[in-house]
Amino acid sequence: MAPPSRKTSAPGPLASKRALPRDPSSEVPSKRNNSAPPLLQTSGPFVEGSIVRILMENFLTYDICEVSPGPHLNMIIGANGTGKSSIVCAICLGLAGKPAFMGRADKVGFFVKRGCSKGTVEIELFRASGNLVITRDIDVAKNQSFWFINKKSTTQKVVEEQVAALNIQVGNLCQFLPQDKVGEFAKLSKIELLEATEKSIGPPEMHRYHCELKNFREKEKQLETSCKEKTEYLEKMVQRNERYKQDVERFYERKRHLDLIEMLEAKRPWVEYENVRQEYEEVKQARDRVKEEVRKLKEGQIPVTRRIEEIERQRHNLEARIKEKAKDIMETSQKCKQKQDVIERKDKHIEELQQALTVKQNEEHDRQKRISNTRKMIEDLQNELKTTENCENLQPQIDAITNDLRRIQDEKELCEGEIIDKQRERETLEKEKKSVHDHIVRFDSLMNQKEDKLRQRYRDTYDAVLWLRNNRDKFKQRVFEPIMLTINMKDNKNAKYIENHISLNDLRAFVFESSEDMEVFLKEVRDNKKLRVNAVIAPKSSYADKAPSRPLSELKHYGFFSYLRELFDAPDPVMSYLCCQYHVHEVPVGTEKTRERIERVIQETGLKQIYTAEEKYVIKTSFYSKRNISSNISLRVAQFLTVTVDLEQRRHLEGQLKEINRKLQAVESGLIALHATNKHLEHKDNELRQKKKELLERKTKKRQLEQKISSKLGSLKLMEQDTCNLEEEERKASTKIKEINVQKAKLVTELTNLLKSCTSLHIQKVDLILQNTTVISEKNKLESDYVAASSQLRLTEQHFIELDESRQRLLQKCKELMKRARQVCNLGAEQTVPQDYQTQVPTIPNGHNSSPPMAFQDLPNTLDEIDALLTEERSRASCFTGLNPTVVEEYTKREEEIEQLTEELKRKKVELDKYREDISQVKERWLNPLKELVEKINEKFSNFFSSMQCAGEVDLHTENEEDYDKYGIRIRVKFRSSTQLHELTPHHQSGGERSVSTMLYLMALQELNRCPFRVVDEINQGMDPINERRVFEMVVSTACKENTSQYFFITPKLLQNLPYSAKMTVLFVYNGPYMLEPNRWNLKAFQRRRRRITFTQPS
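Basically my numbering = 1-based index in the sequence shown + 925.
What follows is the structure, given as structure tokens:
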């Protein structure tokens, strides 16, 4: 259904409305034939508290109206907007009900007719002792009500008491169900339904007992909790006091240990001072000894220093002489090296002469060997030339093979050209395939965006889509995903029109072509998976291509540019459903120009729905005045259909992709065949080339042999001409070697003399080095002794410094310890130490005499013993943790508190036992009648459902028998034989099923009801015709029984050929421009005129 809109209608020529009571000449076959009941009725079929008369002045749509209902079933019938629900509002407000009970407005002033400052509602209730007339005057300006009972002023509280005394509960949905509260009945929890049922049909004391039980149970829980807490607290107090009994004794023991610790801590500074003073004296004596040792070491170092200086002078003289000898040796060695270089050059010259001779001998030997080899090769080539055949007859074969090779080469070039063309074609197709695939991926990405929006907003629907995609094989015909996924906007700017026109429930609904498929789907998704989804069935005959009643060209001059159907694409069944249900082929879309001419468009076109750039207009024609009533709402911003996917283009791309894949397969097949052909041609080409090569080699072999023989003969002639005289060369080389050896002997003699001179100089240098080494050794020994002595001196001096610093530190520490010891014993600077603290008068390090304290006589005299005893005593004292001087006081105080708590706990337990006894008594008086009452309701409710070929149960439900605030009435129903009983909830059943269940439950209460009347407003609107007929039959049979309470059934329409009872009262509500003025209304005159018309008609 489309979302509700704000209605704005122009008033008719006559604004007053009037409800007509029972019309004897009506065409309804079961009308009442008696006249209206008197205003005050003291006897008859009315039950105590029934409504006898309703008067409304300036109330909602009425100027003045008086309604006289019957004692049993009252059918109030009239078209929408005539004022039926205004009567229901009058009953509620007239009987001290709150405006919120109707769900229409929160202030009572809103119920006064527009333009009036005051309104009145008057209700007359039947009482055996005399009817009760309640009047409520409503002041709009003050939003205030003035109350009257039997024309006497009173207060609202008194009115509420009078109404409650008659058991009238306009706030109880089981008794008073206004039109705007029908949906809330199914939303009542089990607990709320039980409370409403108790108030409606239970004995007056039943609800009071229930409230008492809840209060008793709450107090019982509080007492149980209090007793438990106090018992636990008492046990803790007793246990703590038992512990404290020992703590008192431990407190005194701990005090003894603390006193001993205090004495030890007082003695310890004096012992520590004495230890430091003794250490100071020892350090001072050691420092004096080290000082004397330093003096002796310094005196022993003077002779050693003088001897080292003398040896250093001798070493300098020896090193100067060694340097002179080394210079002479270097000059002689240089001369020897020069002589050796000349001798080596002579040896190298001799070696070069010998090598040149050897080279010439080797060259001659090689020349002879080459000549021999060449002659042999010439002989072999001549022999081979003789055996070579004549090759002139091979040329025809070579020419034939050449022609074959040329032909095969042409075929190969043609084949390779075709391969290149095929490869280029394949590359082109692959590029086209990639481009088409990228387009499809982009379309799928847009589709995923739509699915993400569905998942975020309606997770149950999204889960159902996933299930459908995996289980399409379970359905006989096509099933379409939610409409918001299958719809594709041609322009996303127009998405707002579609989303405002189609309800959100239908946008997320699945579309089926078969009702059997829909049953399978709902059973699996709703019943088994508990998903809240919607489903619709497409019309059997297609509406998708149905033409609009008016062509668009007739509307273009008003600014209309399209019908809704042309703004989007959808599968035929989906489009058919939208055309059938929402008439998208009949609703035009306009622009800002349309909005500017909207009054003219409404009057001239006769359109029922219109869209402008930013608004939606709905036009209705009044049934009475025949005037157009328009309402407009601003368009919501589109949320789901803004993503546009051109499905036709996507299908075209998929077809392109298939065609490209087919072409690619054909190209690949052609390439494989061409490659095979090319390979075969290459193999044949290689074979022919090998044959041609062999023939050519055979043809050119003789010519090559002749050329080789000629070349070899020329080489042989050249080698025989190149000769060498080896004997002459050997004689020349020998003469040159002898001359070189003579020069070499003279050089060796000169070198020997130089070596002897160099040896003598080396001996002299070695002697000087040995003398220098002896001097250096002596010097090193003296320096080592000197260094050792110096090191000893430095260590001794360092030791002296450390001892002196230690002495100063100990002196300062002695002073500090003396000061601290005096502070511990609380002695002043001039105050003497008590005799109990001292045994001797030692000398203080600063040289002054004093009277330091000594160790206490009974305590240890060393720090280790004192520290050990302190540690032991502190450990013992630390075992007594958590003790303080207030332990004894707290122990006594806690004993008194335990006694008081024990007495209080006894009183609480007595009170708890009393509450449990009261609960047992009240529970028996409440639960047994309640179970009987629920059984009766269940019996009638089940019978009603059985008569409709359905099943229903009502039972008393609770999880814990002792939790009286958790008791509730559970309604379970099933409307299909293939399903199980399900609890009535706002989500599981459809709107019509909830309406049927609500109506039958109220009917089950009717015969048991102790309330004087019941009101049900337009509860049959969501029912299908079959259920509506069955429910109406049950209402008539139940509400028209003897001794049943009054019943108001308000409906805008009824089915044809319904059964009626003589006890029914049918009230018709009319509205229109031809209504009479209220002062001209004469019911008796209308009845007389009707009788005359009836009598004068021919038989």
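Just so it is clear, CB atoms sit at the ideal spot from N, CA and C, and this is done for glycine as well.
Next item on the list: On a CA-only basis, which of C1875, Y1889 and T1883 is nearest L1906? Give me that one, please.
Entry: C1875
Note to self: Alpha carbons only, please: which of D1064, K1209 and R1614 is nearest the one belonging to R1732?
What the structure shows: K1209
Next item on the list: To the nearest angstrom, report how far apart F2011 and R2005 are at their CA atoms.
Entry: 11 Å
Next item on the list: Note the first and the last residue of the continuous alpha helix (DSSP H) segment covering N1678.
Entry: L1651 to V1749
Note to self: Output needed for E1085: all residues of its chain with C-beta closer than 6 Å, excluding positions within five of it in sequence on either side, in chain order.
What the structure shows: A1021
Item checked: Straight-line Cα distance separating T1519 from K1454 -> 48 Å
Next item on the list: Starting from D1064, follow its DSSP beta bridges and name the residues at the other end.
Entry: Bridge partners of D1064 according to DSSP: K1043 and Q1069.
Notebook entry, point to check: Going by beta carbon distance, what residues of the same chain come within less than 6 Å of L1432, once the five residues before and after it are set aside?
Noted result: I1408 and M1409
Notebook entry, point to check: Mind checking if S1962 is an interface residue toward chain D, Cβ cutoff 7 Å exclusive?
Noted result: The structure shown has no chain D; it contains just one protein chain.
Next item on the list: In the DSSP assignment, find the unbroken beta strand (DSSP E) run with E991 in it and report its ends.
Entry: Element bounds for E991: Y987 to V992.
Check: Rounded C-beta distance between F1870 and L1925? I'm assuming under 8 Å.
Finding: 6 Å
Margin query: Going by DSSP in three states, Q1094 sits in which element: helix, strand or coil?
Written below: coil
Checklist line | Spatial distance of D1253 from L1686 (CA atoms) | finding: Distance between D1253 and L1686, taken at the CA atoms: about 7 Å.
Checklist line | Completely contained beta strand (DSSP E) runs for the stretch 1844-1890, where each covers 3 or more residues | finding: 1876-1882
Item checked: Environment of D1692 [buried if 16+ CB atoms lie within 10 Å] -> exposed
Notebook entry, point to check: For S1559, which three-state DSSP category applies?
Noted result: In this structure, S1559 counts as strand in the three-state DSSP scheme.
Next item on the list: If I'm right that L1447 touches A1460 with Cβ under 8 Å, what's the distance once you round it to whole angstroms?
Entry: 6 Å
Check: If you run the structure through DSSP and keep just helix, strand and coil, what is E2002?
Finding: Coil.
Check: Roughly how many angstroms lie between the CA atoms of V1033 and I1862, to the nearest whole one?
Finding: 36 Å
Next item on the list: Apply the 10 Å Cβ neighbour rule to A1245 and answer buried if 16 or more other Cβ atoms are within range, or exposed otherwise.
Entry: exposed
Check: If you draw a straight line from the alpha carbon of Q1239 to that of K1704, how long is it in whole angstroms?
Finding: Spanning the two alpha carbons is a distance of roughly 10 Å.
Checklist line | Nearest neighbour of E982, chosen from I1001, C1014 and G995 [CA to CA] | finding: C1014
Notebook entry, point to check: Which whole-angstrom value is the C-beta distance of E1441 and K1401, which I expect to be below 8 Å?
Noted result: 7 Å
Next item on the list: Please name the residue in C990, L980, G974 and I979 whose C-alpha comes closest to that of L2001.
Entry: C990
Checklist line | Proximal residues to K1223 (C-beta, below 7 Å), its chain only, five neighbours per side dropped | finding: L1718
Item checked: DSSP three-state assignment for R1939, whether helix, strand or coil -> Of the three classes helix, strand and coil, the one that applies to R1939 here is strand, per DSSP.
Margin query: Please give the ranges of any beta strand (DSSP E) in the stretch 1455-1519, keeping only runs that are unbroken, at least 3 residues long and fully inside the region.
Written below: 1459-1462
Next item on the list: Return the residue from the list G1225, E1145 and P1977 that minimises the CA-CA distance to V1712.
Entry: The shortest Cα separation from V1712 among G1225, E1145 and P1977 belongs to G1225.
Notebook entry, point to check: By Cβ distance, which residues of its chain are closer than 6 Å to T2019, with the 5 residues on each side in sequence left out?
Noted result: none
Notebook entry, point to check: When you compare each of L998, G1893 and M1255 to N1885 by their alpha carbons, which one comes out closest?
Noted result: G1893
Note to self: Taking the straight line between their C-alpha atoms, what separation do you get for K1663 and H1274?
What the structure shows: 12 Å
Notebook entry, point to check: What did DSSP end up calling K1551 once you bin it into helix, strand or coil?
Noted result: coil
Check: Shortest alpha-carbon distance to Y1641 belongs to which of I979, Q1564 and R1300?
Finding: Correcting the residue identity first, residue 1641 is Leu in this sequence and not Tyr. With distances taken between Cα atoms, L1641 lies closest to R1300.
Check: If you draw a straight line from the C-alpha of T1576 to the C-alpha of H1364, how long is it?
Finding: The question names Thr, but residue 1576 is Arg in the sequence shown. Cα to Cα, the separation comes out at about 11 Å.
Margin query: Rounded to whole angstroms, what is the Cα-Cα separation between L1852 and N1092?
Written below: 21 Å
Notebook entry, point to check: Going by the CB atoms, is the gap between P1937 and S1986 shorter than 7 Å?
Noted result: no
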